[in-house]
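*Asks:* Residue numbers (full-length UniProt numbering): 1 to 178.
(1) So residue 30 is in the alpha helix (DSSP H); what residue range does that whole segment cover?
(2) Based on Cα-Cα distance, which residue from 8, 24, 25, 26 lies nearest to residue 18?
(3) Within a Cβ cutoff of 8 Å, which residues of the same chain sit near residue 165, ignoring the five residues on either side of it in sequence?
(4) Going by the CB atoms, is the gap between residue 22 and residue 151 shorter than 8 Å?
(5) Does the stretch 46 to 57 come into contact with the stretch 124 to 131, if we say contact requires no fewer than three beta-carbon pairs (one atom in each stretch) closer than 8 Å?
(6) Can you grab the Cα-Cα spacing for the pair residue 137 / residue 2, in whole Å?
(7) Between the Cα of residue 56 and the Cα atoms of 167, 11, 153, which residue gives the shortest distance?
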């Protein structure tokens with residue numbers, strides 16, 4: 001399988017307040033690359049978000065704004081590329097709203113939500129949160145709500161599912177975005 005696992009953290013409840021982003025690149029069923037960056041949002045930080053992910057306004061003071069980050073990551077978001085996330089509606093919403101905030105066109109790409117795949121393949125679990133799934137599948141999740149650790153865990157969830165159930169079983173979960 002070839003795909004990119006994506007995870008955003010936000011400064012507040014607004015879906016255009018990305019303050020960090022991570023991508024974990026998988027090629028031929030192997031993690032081949034990782035990307036992480038802080039992002040300087042154009043809105044204020046809310047204490048509850050800071051409490052969850054630990055990123056403070058001063059941490060992003062020198063960070064790039066999203067358009068600068070987009071220049072580097074845009075090639076991963078193409079018509080034939082699969083981008084996955086755990087609770088994909090959140091991360092896709094952050095991407096879509098942040099792009100719109102800066103007047104950048106939303107690209108067409110393929111997506112998959114590992115919450116949905118895990119609900120199908122592991123219905124016996126009490127819930128399908130990232131940390132619950134990682135414990136159940138013995139996947140290392142070092143710092144939950146660190147975007148890089150979360151994207152790496154998400155990639156490993158999909159790789160585990162593909163190995164256990166076959167890549168063909170995952171195809172019905174693919175959606176077109178854009």
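Using N, Cα and C, we set each Cβ at its ideal position, and we do this for glycine too.
*Replies:* Inspection of the coordinates gives the following:
(1) No alpha helix (DSSP H) holds residue 30; the beta strand (DSSP E) holding it covers 30 to 38.
(2) 8
(3) 121
(4) yes
(5) no
(6) 21 Å
(7) 11
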